[in-house]
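Have a look at the structure below before the remarks.
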Amino acid sequence: MRKLLPVLLLVAGSVASYAQSARERAEELVSKMTLEEKCTLIHGERGDAEYEDGFHIMPIPRLGIPAIRMADGPQGVRNKTNSTYYPCGISLAASWNRDVAGKVGEGIGLDARARGVAIMLCPGVNIYRTALCGRNFEYYGEDPYLASETALHYISGIQSKGVMATIKHFALNNQEFDRHGVSSNADERTINEIYFPAFRKAVEEGNVACVMTSYNPINGTHASENSWLIKDNLRAWGFDGIVMSDWTSTYSAIGCFGSGLDLEMPRGYVMNYENAKRLLDSGVIEESWIDEKCRHILQTVIEYGFLDNPVKDESIPEDCDISRANALAAALEAPVMLKNNGILPLKKSTKKSIIVLGPNADIVPYGGGSGRMDPIEGRNITLFAGLSGLGKGYKVELMDWKAPDYEKIRKAGAVIVAAGFNYDTEGEDFDRTYALPEGQDELISKVAAANSNTVVVVYSGGEVDVSPWIDKVGALLMAWYSGQEGGTALARILSGKVSPSGRLPFTFWGSIDKNPASANYYLSKPYENRTSKRYSKRFSQYPFVEYGEGIFLGYRGMSHFGVEPMFPLGYGLTYSKFDYSGLSVEPSDGGFKVSFTVTNTGKASASEVAQLYISAEGSSVIKADLELKGYEKVSLDPKKSAGITIFLPKEAFSHYDVASHSWVNDPGQYKIMIAASALDIRLSEIITVD
Ligand code: GLC
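Count along the sequence shown starting at 1, add 263, and that's the number in our numbering.
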């Protein structure tokens with residue numbers, strides 16, 4: 264054996280040198296690159312070549328570095344392709360089902376590989392502050408824990424197929440109105456407790472490949488050139504992947520070169536060779552900063568194997584059965600039933616018809632902007648098509664909502680009004696109205712006056728003003744933008760084949776002014792109304808919005824502000840009902856093991872989302888009234904029970920301490936609550952945390 268040792272060491276050494284780490288390979292490549300090649304790598308390009316479309320990392324053929332294609336999500340693979348259209352972000356959050364989020368991620372990963380896309384520009388995780396943000400539909404609602412869990416599983420799904428996910432928009436991009444120009448001003452504790460968690464969990468647990476910075480300034484400095492954001496936080500969390508800018512969200516060369524931004528998209532407005540040469544010659548920046556950018560980019564591409572292997576997987580069809588099935592599974596779990604006077608599920612009636620009308624009755628709606636999908640021919644199922652597919656016993660008729668026949672409506676067995684928004688009234692780069700678009704309130708009120716069996720289905724990314732008609736209609740379902748399979752899924756839910764199982768991922772206040780964040784949503788300083796175009800000049804003082812509600816966002820501030828919403832976070836009706844029993848809270852592994860039983864005491868199979876909230880009892884530190892720290896969704900047949908156990912880690916009882924810039928535990932008494940929503944506590948127990 265002793266004689267073999269030198270040989271073994273030699274072999275091991277050569278294997279080790281052969282199996283260079285991704286970082287070592289990247290560093291070696293960078294060491295061979297010219298400054299011009301480095302500056303080519305750190306931005307996209309617009310030009311004639313196929314990869315100069317503003318959605319590629321540029322190639323360096325001399326060194327065998329291929330062009331790397333990226334595409335938007337989060338609702339599916341877009342940019343120059345038709346693809347499976349999945350339920351939008353808020354749908355996944357509304358499902359309260361981690362597996363559903365993961366399956367959508369897997370579907371998108373397959374669709375990306377089938378098309379040669381290496382980087383998906385999703386998920387979007389910006390927190391829902393008020394209903395007005397045009398991109399709430401792409402994100403995961405108001406609670407940082409629910410958003411973190413949904414994002415983690417979605418990212419894991421995408422990356423499990425060998426595709427890089429990009430979590431966005433880092434950070435505090437919570438409005439679309441003048442998104443380039445309005446600074447999001449918030450205190451450090453609020454940022455860390457509400458706005459960072461989804462990003463941080465994606466880095467620390469999800470090993471997310473890329474992060475996209477946001478358009479907006481944060482406390483006065485644009486995200487793409489904000490060292491506090493990128494270096495003192497993101498990199499400090501251990502992130503060693505690619506930091507890319509949002510498209511056209513770069514403003515100064517010195518800011519971007521110096522901030523830790525790696526990749527300027529869609530092209531090199533500021534991080535280009537001319538600026539690099541000028542700033543290097545004047546000693547303002549160092550070439551090692553550019554080397555670091557190139558290393559992050561190449562190291563990540565190498566880790567995913569795309570320096571050595573093709574991205575496109577010929578074995579995966581572009582119109583993939585698994586993708587469609589995953590889209591349907593998510594669409595079945597997302598709709599939230601907020602009202603039902605017994606009209607649902609729709610009864611089979613051989614004689615009476617079901618009338619469907621409204622702007623979204625026979626189209627598949629989308630949120631607008633970069634998240635809008637181009638579906639595969641024939642794959643979009645509208646609500647009317649889905650209901651028509653129910654077959655015998657259901658006579659379904661589509662009516663023109665611009666010329667309703669109220670006589671027919673009066674005689675119908677039921678009337679479904681498909682209301683809400685679409686890409687032209689809700690989407691990126693503008694905020695939306697709280698009220699439904701023109702004419703819809705009147706339509707709903709008149710239909711309900713003619714037939715009490717009126718069901719309203721709302722397609723939106725968040726709360727809408729239901730006050731004009733909520734007391735007049737028989738049922739209300741929030742359908743979000745539920746993708747190509749949404750019509751099929753809603754038909755199954757409305758007909759009772761499947762019980763609705765979604766729960767609100769945000770607080771539904773019932774009036775925009777009741778939401779404490781509304782007072783802090785519009786600009787704190789009046790200024791001339793600017794559109795969100797690129798600015799050539801810098802403003803001495805950005806207009807800004809102050810996150811004055813702090814950590815008391817949404818349900819976390821109901822008691823603090825003394826306001827009770829129309830429907831709380833976590834609320835949603837099913838076709839059954841559930842009981843909770845047998846709570847036990849045991850110390851375990853530094854935290855607590857929380858166990859209890861849920862029983863379906865109703866007559867229909869359905870799913871319950873058991874939610875775990877905590878509240879500090881007499882803490883010396885000011886804390887939110889209520890904090891979501893766990894949830895589990897269970898499907899149960901009538902009379903069946905399920906035992907549920909949720910682990911509460913010690914970190915659940917901490918707050919972010921600004922003095923030490925770190926999380927600190929808060930010992931003391933806490934109430935552990937098991938709930939069916941933030942206002943429906945079923946079981947509770949007081950515990951002491953050391
Ligand atoms: C858009 C969006 C971002 C998207 C990117 C590429 O402006 O803000 O979410 O991924 O540009 O389309």
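We treat Cβ as the ideally placed atom computed from N, Cα and C, and that holds for glycine.
Could you round the C-beta distance between residue i and residue j to whole angstroms and report it? I think they count as a contact, below 8 Å.
i: C302; j: Y536; result: 4 Å
i: E691; j: G634; result: 7 Å
i: A395; j: R695; result: Rather than Ala, the amino acid found at residue 395 in this sequence is Leu. About 6 Å; that satisfies the 8 Å criterion.
i: G212; j: P386; result: Missing from the structure shown is residue 212; the chain here goes from 264 to 953 and no further.
i: T563; j: I505; result: 5 Å
i: G497; j: I320; result: What sits at residue 497 in the sequence shown is Leu, not Gly. Between I320 and L497 the Cβ distance is about 19 Å, and since that is not below 8 Å, they are no contact.
i: S723; j: E689; result: 6 Å
i: T429; j: R378; result: No, T429 and R378 are not in contact; Cβ-Cβ is about 16 Å, not under 8 Å.
i: L767; j: G833; result: 6 Å
i: A958; j: R673; result: Here the chain covers residues 264 to 953 and nothing more, so residue 958 does not appear.
i: V471; j: I418; result: 5 Å
i: F824; j: A887; result: About 11 Å separates the two Cβ atoms, so there is no contact after all.
Taking 7 Å as the cut-off, does the CB of residue i come closer than this to any heavy atom belonging to ligand 1?
i: S633; result: yes
i: K431; result: yes
i: E691; result: yes
i: L384; result: yes
i: G387; result: yes
i: D637; result: no
i: D509; result: yes
i: D335; result: yes
Here's a check: name, in chain order, each residue in its chain whose Cβ is nearer than 7 Å to the Cβ of residue i, leaving out the five neighbours to either side.
i: E290; result: R558
i: Y686; result: Y629, G630, G631 and R635
i: N342; result: F318, A334 and D335
i: R945; result: Y843, I937, A938 and A939
i: N928; result: K913, F916 and S917
i: G247; result: Look at the range of the chain in this structure, 264 to 953, and you will see that residue 247 is not part of it.
i: K800; result: Because the pLDDT at K800 is just 42, under 50, the model does not fix this residue reliably, and the value given afterwards should be weighed accordingly. Same-chain partners within the cutoff: there are none.
i: I909; result: V857, L875, G893 and E895
i: F502; result: V466 and V474
Skipping 5 residues on each side, what residues in its chain have a beta carbon closer than 6 Å to that of residue i?
i: A594; result: P350, S745, G746, E748, G749 and A752
i: L740; result: P598, M600 and V720
i: A375; result: V340, M383 and V426
i: A778; result: The amino acid occupying residue 778 in the given sequence is Asn; Ala does not appear at that position. Closer than 6 Å at the Cβ level, and outside the excluded window around N778, lie T393 and W772.
i: D953; result: P930
i: G621; result: W664, V680, A681 and A682
i: V533; result: T513, A516 and C519
i: K464; result: S411 and L415
i: K840; result: T864 and G865
i: Y790; result: Residue placement at Y790 cannot be trusted, given a pLDDT of 44 that sits under 50; the coordinates are not used to answer.
i: L942; result: P831
i: A738; result: K602, N603, I606, L607 and V718
i: A282; result: none
i: Y403; result: G352, A356, V388, A410 and T413
i: E308; result: E315, M321 and R530
i: R361; result: E412 and H416
i: D566; result: The residue asked about is misnamed: residue 566 is Glu in this sequence, not Asp. So the list reads A285, once near-sequence residues are dropped.
Please return the same chain residues whose Cβ sits closer than 8 Å to the Cβ of residue i, not counting the five positions on each side in sequence.
i: N538; result: A516 and F520
i: S947; result: L846, K934, I935, M936 and I937
i: D900; result: N863 and S868
i: Y697; result: A394, L395, E726, V727, D728 and I775
i: G759; result: L607, P608, L609, Y838 and A867
i: G372; result: M383, G420, I421, Q422, S423, K424, G425 and V426
i: P667; result: L620, L706, K709 and V710
Give a yes or no on whether the minimum CB-CB distance between residue i and chain B is below 8 Å.
i: G817; result: In the structure shown, chain B cannot be found, because there is only a single protein chain.
- request: Count the CB pairs spanning the stretch 916-932 and the stretch 448-468 that are closer than 8 Å, and state whether there are at least three.
  value: yes
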